[in-house]
Each structure stands twice: as C-alpha cells, then as structure tokens.
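Asks:
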Amino acid sequence: MIVGNRKPFEEILEMVKPFKKILLLGCRECITVCAAGGEREVGVLASELKMARAKDGQEIEIKEFTLERQCDYEFIDQIKPFIDDYEAVVSMACGAGIQYTAEHYPSKIVLPAINTTFLGVTLEQGVWSERCQGCGECVLHLTGGVCPVARCAKSLFNGPCGGSASGKCEVNKDTDCAWQLIVDRLKTLGQLDRYEDFIPAKDWKPSRDGGPRTRVREDLRLC
Amino acid sequence: MRLNYPTFIKIIKVPCTGRVDILTLLKAFEAGVDGAYVAGCMEGECHFLKGNIRARKRVEYAKTLLAEVGIEPERLEMYNLSAAQGARFAAIANEMAEKIRSLGPSPLKKAKAAFVA
Amino acid sequence: MTQSNIERLLEKGVFVVTSECGPPKGADAEAVRKKGSLLKGVVDAVNVTDNQTSVVRMSSFASCLILKEMGFDPILQMVCRDRNRIALQSDILGAAALGINNILCLSGDHQSFGDHPGGKNVFDIDSMQLINTVRTMRDEGRLIGGEELKGRPNLFIGAAENPFADPFEIRAMRLGKKVKAGCQFLQTQCIYNLEKFGKWMEMVRERGLHEKCAILAGVTPLKSAGMARYMKTSVPGMDVPEELIDRLKGVPKEKQAEEGVKICVEMIQQLKEIPGVRGVHIMAIEWEEKVAEIAEAAGLSPRPEA
Numbered sequence: 003m004i005v006g007n008r009k010p011f012e013e014i015l016e017m018v019k020p021f022k023k024i025l026l027l028g029c030r031e032c033i034t035v036c037a038a039g040g041e042r043e044v045g046v047l048a049s050e051l052k053m054a055r056a057k058d059g060q061e062i063e064i065k066e067f068t069l070e071r072q073c074d075y076e077f078i079d080q081i082k083p084f085i086d087d088y089e090a091v092v093s094m095a096c097g098a099g100i101q102y103t104a105e106h107y108p109s110k111i112v113l114p115a116i117n118t119t120f121l122g123v124t125l126e127q128g129v130w131s132e133r134c135q136g137c138g139e140c141v142l143h144l145t146g147g148v149c150p151v152a153r154c155a156k157s158l159f160n161g162p163c164g165g166s167a168s169g170k171c172e173v174n175k176d177t178d179c180a181w182q183l184i185v186d187r188l189k190t191l192g193q194l195d196r197y198e199d200f201i202p203a204k205d206w207k208p209s210r211d212g213g214p215r216t217r218v219r220e221d222l223r224l225c
Numbered sequence: 002m003r004l005n006y007p008t009f010i011k012i013i014k015v016p017c018t019g020r021v022d023i024l025t026l027l028k029a030f031e032a033g034v035d036g037a038y039v040a041g042c043m044e045g046e047c048h049f050l051k052g053n054i055r056a057r058k059r060v061e062y063a064k065t066l067l068a069e070v071g072i073e074p075e076r077l078e079m080y081n082l083s084a085a086q087g088a089r090f091a092a093i094a095n096e097m098a099e100k101i102r103s104l105g106p107s108p109l110k111k112a113k114a115a116f117v118a
Numbered sequence: 034m035t036q037s038n039i040e041r042l043l044e045k046g047v048f049v050v051t052s053e054c055g056p057p058k059g060a061d062a063e064a065v066r067k068k069g070s071l072l073k074g075v076v077d078a079v080n081v082t083d084n085q086t087s088v089v090r091m092s093s094f095a096s097c098l099i100l101k102e103m104g105f106d107p108i109l110q111m112v113c114r115d116r117n118r119i120a121l122q123s124d125i126l127g128a129a130a131l132g133i134n135n136i137l138c139l140s141g142d143h144q145s146f147g148d149h150p151g152g153k154n155v156f157d158i159d160s161m162q163l164i165n166t167v168r169t170m171r172d173e174g175r176l177i178g179g180e181e182l183k184g185r186p187n188l189f190i191g192a193a194e195n196p197f198a199d200p201f202e203i204r205a206m207r208l209g210k211k212v213k214a215g216c217q218f219l220q221t222q223c224i225y226n227l228e229k230f231g232k233w234m235e236m237v238r239e240r241g242l243h244e245k246c247a248i249l250a251g252v253t254p255l256k257s258a259g260m261a262r263y264m265k266t267s268v269p270g271m272d273v274p275e276e277l278i279d280r281l282k283g284v285p286k287e288k289q290a291e292e293g294v295k296i297c298v299e300m301i302q303q304l305k306e307i308p309g310v311r312g313v314h315i316m317a318i319e320w321e322e323k324v325a326e327i328a329e330a331a332g333l334s335p336r337p338e339a
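Protein chains in written order, with the working numbering: chain A, 3 to 225; chain B, 2 to 118; chain C, 34 to 339.
(1) Please list, in chain order, all residues of the same chain as threonine 74/A whose beta carbon is under 8 Å from its beta carbon, the five residues on each side excluded.
(2) Closest to glutamate 41/A by C-alpha separation, out of Val148/A, Gln60/A, Glu70/A and Pro20/A, would be which residue?
(3) Mind pulling the chain A residues with CB within less than 8 Å of lysine 28/B?
(4) Quick one, which residues of the stretch 195–229 of chain C are near chain A if we go by CB-CB under 7 Å, in chain order?
(5) Among all the DSSP beta bridges, which residues are the ones paired with arginine 9/B?
(6) In terms of residues, what are the limits of the alpha helix (DSSP H) holding valine 324/C?
(7) Taking 9 Å as the threshold (beta carbon to beta carbon), is proline 308/C in contact with chain A?
(8) Please report how far the alpha carbon of leucine 66/B lies from the alpha carbon of methionine 316/C, in whole angstroms.
(9) Looking only at its chain, what residues have a beta carbon closer than 8 Å to the beta carbon of leucine 219/C, apart from the 5 residues adjacent to it on each side?
(10) Where are the beta strand (DSSP E) runs, 3 residues long or more, that stay fully inside the stretch 44–130 of chain C, in chain order?
(11) Under 8 Å by Cβ, that's how I've got alanine 214/C and serine 257/C pegged, so tell me the actual separation to the nearest angstrom.
(12) Can the beta-carbon of isoleucine 81/A be found closer than 9 Å to that of leucine 26/A?
(13) Grouping DSSP H, G and I as helix and E and B as strand, with all else coil, what is leucine 161/A?
(14) Proline 20/A to isoleucine 14/A, Cα distance in whole Å?
(15) Examine the Cβ distances between the stretch 71–88 of chain C and the stretch 136–145 of chain C and report whether three or more of them are shorter than 8 Å.
(16) If cysteine 96/A sits next to isoleucine 116/A, beta carbons under 8 Å apart, how far is it from one beta carbon to the other, in whole angstroms?
(17) Return no unless some Cβ of chain A is closer than 9 Å to the Cβ of cysteine 113/C.
(18) Between the C-alpha atoms of glycine 71/B and glutamate 105/A, what's the straight-line distance to the nearest angstrom?
(19) Considering just the uninterrupted stretch of the alpha helix (DSSP H) at glycine 87/B, what are its terminal residues?
(20) Could you pull out every residue in the same chain whose Cβ sits closer than 8 Å to the Cβ of valine 49/C, ignoring the five residues on either side in sequence?
(21) For asparagine 7/A, which residues from the same chain have a beta carbon less than 8 Å from its beta carbon, with the 5 sequence-adjacent residues on both sides left out?
(22) Using a Cβ cut-off of 9 Å, pull out every chain A residue sitting near glycine 52/B, in sequence order please.
(23) Rounded to the nearest angstrom, what separates arginine 196/A and leucine 188/A at their Cα positions?
(24) Between the C-alpha atoms of leucine 72/C and valine 273/C, what's the straight-line distance to the nearest angstrom?
(25) Taking one C-beta from the stretch 98–118 of chain C and one from the stretch 150–158 of chain C each time, how about it: are there three or more such pairs within less than 8 Å?
(26) Measure from the C-beta of phenylalanine 159/A to each C-beta in chain B and report whether the shortest distance is under 9 Å.
(27) Should glutamate 69/B be flagged as near chain A, meaning a C-beta pair shorter than 9 Å?
(28) Pick helix, strand or coil for histidine 143/A, following the three-state DSSP scheme.
(29) Our contact map puts serine 166/A next to tryptophan 181/A with C-beta atoms below 8 Å; I'd like the distance itself, whole angstroms only.
(30) Report all residues from its chain with a CB closer than 7 Å to the CB of proline 94/B; omit the five preceding and five following residues, and keep chain order.
(31) List the residues of chain A that arginine 118/C touches, going by C-beta distances under 9 Å, in chain order.
(32) Could you have a look at valine 44/A and say whether DSSP puts it in helix, strand or coil?
(33) Determine the chain A residues that contact asparagine 154/C at a beta-carbon separation under 9 Å, and present them in chain order.
(34) Runs of 3 residues minimum, wholly inside the stretch 54–129 of chain A: which ones carry the beta strand (DSSP E) assignment?
(35) Going by C-alpha distance, which of Lys156/A, Gly138/A, Gly164/A and Cys134/A is nearest glycine 228/A?
(36) Considering Cα atoms alone, identify which of Leu277/C, Lys101/C and Gln302/C is closest to glycine 293/C.
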C-alpha cells in the first residue's frame, strides 16, 4: 500500500490561514489503512483545526468528506455538487490523490495535508515499513525476494557495503542490512551461488526519470 | 460513604475505557469543556484484557493533539482505579477540578468571550 | 599494462607501499602539496580520497593533479554517491587524459554521515558496476552505454573491501565478484584483528583470488586508547580487539601515540608474512607525518625508483 504521514499541524494551519470555508477530503484506500488520511483522521484534523481557529477568534467552517478513492475518476465527481461552496480543498490522500483532485477541479485551490512516504507493508498494527520504490523493473527473483533498491540505503545491486555489521545498516542501527537479508534468504533457499552473479548497471528508464509513467490496457478502454 | 465531588463533573459511562475514541475526546474539547479525564480499571484488571491500556495510549496521543492546537495537554488525563475505590474516585475528581481551576477556562472559551465582548 | 607505478612494481614482485592524502576543505593547493611532501619518497602511490565520509573537500581529481605535478603516481578514488554514470565516465576519461594511472572504485559513505546530510545521493551504479565500467572502457574501448571511445582510459583498477564487515562468509565471494568485474588491486579496511583478517585471507586464497588481484593490507596507527575505543564503537565496520585497547591503556597517555606507531609497525611485519598480501596501505588519518617513520621502522624504505 501507499503509506504517508499527516503533515505537522502547524504547517496545515498555516496553509489554511487565508480561508474561512474548506472542504477536508479524505480517502478510503491505502491512506486509511495506514491511519494517515481516512474518515477518522479527517475527523481528528477537522476538530483540531476548528479548535485552533476558534482559539484565535478565526472560526472556520469545515466540511468533512471521504471518497472511496481520490485517485479514480469514478469517485472524484462525488464532490462536484458542493465543492464550489468552499474556498479550498485540503486533501488527505496520497500525492496521487491530491493531484487527481486538483486536476479535476482546475480552478480550486487544493492543499496537501499528507506527506506521502513509501510503498510498504503493515508489520504490526500501527507499524508500517517500506518495501518497494516502484523502479519499474523487478529484480526480486535475483535477490531472494528482498529489494536492494528500496531496502539498501545505497540501493546497491552488488552489496553489502563495508558498513554492514551484525545484520544492521551503518546508516541506522534499527534498520536491517538489506544485503544481510538477501544473503540469509538465498542461503535458506539453497541459492547462495546466485550471490556470485554480477548484476550489471540497472536500466533506470522504467523508473522515475522519464516523466510520469503511463500504463495502457487497450482491451479495457471504452473508447 | 457519601463522599463529595464537584457537581460540574459530568460522567459519561462507557462499557470499557477501550471504547473511548480520540475523536470523542477531541469533540468534548471542541464543544467547550475545560478538562476531561478517563477513569479506567486498574491496569492488568481489564475485563477485555487491554481496554484500559489502549485508552491510556489514546489519551497520551490526544494530549499531543491538544498541544498542537494550543490547549494545555494537562486538561486531559487518564486515571486507573477500581469500582471499590470510592474514596479514590472522589479524590481524583477533586484533584482534577483543582487543576482545571488553576488553569482557568479553556482557551477556546476565553477566545469566544473575548471576541463576543 | 598501464603506466601505473604500482602495477609495474607488483608485476616485479615488489611489496608495495601506498598511503592516502585527504584533500583540504578549501581551495588551497598548498595544503595538498604540504601533505604530499610528507609522503615524498615514502610510498609507491598515494590515494586521494573523494569527499570521504561525505564531507565536501577539494575534488579528488584536482588534488590528484597537484600531486602528480610533485612526481607522485596518484590513485584517484571515485565514489558512486555523487555522480551518475554519465559524470563518472566523463571524469574517468578526463583523469586518464591528464595522466592519472590508477583508480579506486568505491560505493562511497552514505551522505547522512557528512556535512550535507540533506543532500540527495545518486548511486546510479555501485562500486562493482563502476569497476566493470572502467574495465569496459579500457579493454573494450566503449562506454557502458555502448558508444565507442576514441582513446581508451588506460587505468590500473582497484577497489576496497572490508574483511570485517558482515556477513563474513560472503566477503571473499564478494571480492571474487569484484575481480571478475575487473579489479586488479585491492586495499582493505584498516586491520586490527589479525586473526580475523587471516581467516579472510584463507578464504581469498582458497578461491585463488590473491593471484588475480594484488591484496594491499590496510593499516591505521592509533594515536591513543581513546581513538582506539572510538574506532571500535563509532566507526562502522571497524574491528578493534579489546587487548589492543588494553595495550594502549597500559602505557602513560603521553606515550600512547608512540605505542600506537609501534603496534602499527608490528602489524605490518606480521601482515607481510601472510601469503597473498602484496603490499600495505598506510592510512594515517590527519597524521601523515608518521607514515615515513612507520614505513622506515617496518623496513619498507627506501622505495624503488618510480
């Protein structure tokens, strides 16, 4: 899932300073699961904003609304009937959802309340961890199912570097060394011989550098 | 025992403090209360195992939210006591009332009064 | 063969001596010359670090040229942290064009340790891929993108390894990968735990890697018991045995530096005896003036004519 953190309250408060009526827009997908921007978090932020503004004698009217998905044309129209009643939208979706809302309502100010951080998993309730950077060309079959791009601080394809100690990364003692995990997993799988294969320089074209990537399935298109 | 505690403390009963949501606490402050506290069972004696422990964590979190907003986090507390501790119940009520008195009205109310006047 | 002094000496079977020079935090060429003068006649080649520990310093490339003017055979250190494959290959060509004969390919310390922790790292390729890049450019006369070169960079290719890092069991295997990629000489992380280094060398010999790649053992003299303690606890991947710290603690504070030098000399003498060790790399961090003394005491001077 896509994981994010709510922006610091001070920052959001500053962003909405000029407005008296805002639409606080949540998303029921990933950002709900990682407890950053779902219906409940929308409620909490709305309550905080109202109290902070009331305290300064600057009352603010907030409509709380949470879409099934902010990243999908099928749902984004739901706010059309009332969006113009508000001066700005504060979106509690991931970066994709925030932009999608802005794209669909070009004359509306859309502000981000979420810092989108990573593609990850739920380790336990309340704990999420990064696993993927969407580099566009998966190498997990070569690396024992552990991603060197997302999980090594230097994204080494032929690691580990000299800073791996007792299974931990030199950058952060709480972080597992990805290459220790890779070696351990290859051993478990009886594939340690794969470690000796040199992995050549990665083609980063399928990754982030070529402008926004687009995927098309012609058979599914309606036009 | 006929112990006294301040009459302005309103009790909201929940089946377990584990039922207390962050939003419940925030909404109370939004509505203008000067303080609130959650009275849960003794730790280790929750009928639902961990309801009171979860409640404490939520109270701690809600306190950080109040601080962000600019409301003194001490206005919100969590206490643990058993149903048999009537005297402790009254003592906590008085302690909390005393604390709120010294803090004065909620900044929200103060602001309202100032801007109305 | 390249024009490299150490390649020539290694070929002749000479036990080589290298040291390093950390460029200054500033544009003062004299600072480089001053450090260089301390190593003149003491070493066969001098490494020039590339923004080590991610602290901005005069570029390795520029500092190499200053040292070359002084008659040194510099080893250009190149890390993958700050430049992508375009910049790296371009600098390789430039360095070779200006007469630099050696390159040491490194991944580079993470930027969070340096003076710009908010900087964005590159790591377009890793050290292993950089070795392969230099080899491809030199031996196949083309860039890794496929384009043919007019004039190949004739560089002696080196790398670094930390025999003390984890997982220990794959450390020699990893060197094997580097050798296969094109690594011809290797400088190790500083050695304090001789026993563990011996085990690593055993694994290296088992794979016959010492015959394909010249292993230069890294040493760093300890200035004090405090420094030894710091290296043990705060420098990633460093293995300093307790008895070494005790030995330093056993002498009065003002004599600890002297003792540290003595330990370093003894270490070099023991390393020389290990089969497959073909040279020593003396890293006297901000203590370059001691390199001559250490080399002399270890019976490594004078050096053969460059």
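Glycine included, C-beta positions come from ideal geometry on N, C-alpha and C.
Replies: Looking at the coordinates:
(1) For clarity, residue 74/A is aspartate in the given sequence; the question names threonine instead. So the list reads Tyr102, once near-sequence residues are dropped.
(2) Glu70/A
(3) Ser49
(4) Asn195, Ala198, Asp199, Pro200, Ile203, Met206, Gly209, Lys210, Lys213, Ala214 and Gln222
(5) It is worth fixing the name first, because residue 9/B is phenylalanine in this sequence and not arginine. Paired residues: none, contrary to the question.
(6) 324–330
(7) no
(8) 52 Å
(9) Gly191, Ala192, Ala193, Glu194, Leu208, Lys211, Cys246, Ala247, Ile248 and Leu249
(10) 49–54, 78–81 and 107–112
(11) Not a contact, Cβ separation roughly 39 Å.
(12) no
(13) Here residue 161/A is glycine; the residue named in the question, leucine, does not match the sequence. Coil.
(14) 12 Å
(15) yes
(16) 6 Å
(17) yes
(18) 35 Å
(19) 87–104
(20) Ile39, Leu42, Leu43, Asp77, Ala78, Ala247, Leu249, Arg311, Gly312 and Val313
(21) Ala38, Ile116, Asn117 and Thr119
(22) Simply none; closest approach about 15 Å.
(23) 8 Å
(24) 26 Å
(25) yes
(26) no
(27) yes
(28) coil
(29) 6 Å
(30) Correcting the residue type first, residue 94/B is alanine in the shown sequence and not proline. Only Tyr6, Pro7 and Ile10 meet the Cβ criterion.
(31) Ala203
(32) helix
(33) Ala155, Lys156 and Ser157
(34) 63–69, 90–93, 111–114 and 116–126
(35) Because chain A spans 3 through 225 in this model, residue 228/A falls outside it and cannot be assessed.
(36) Leu277/C
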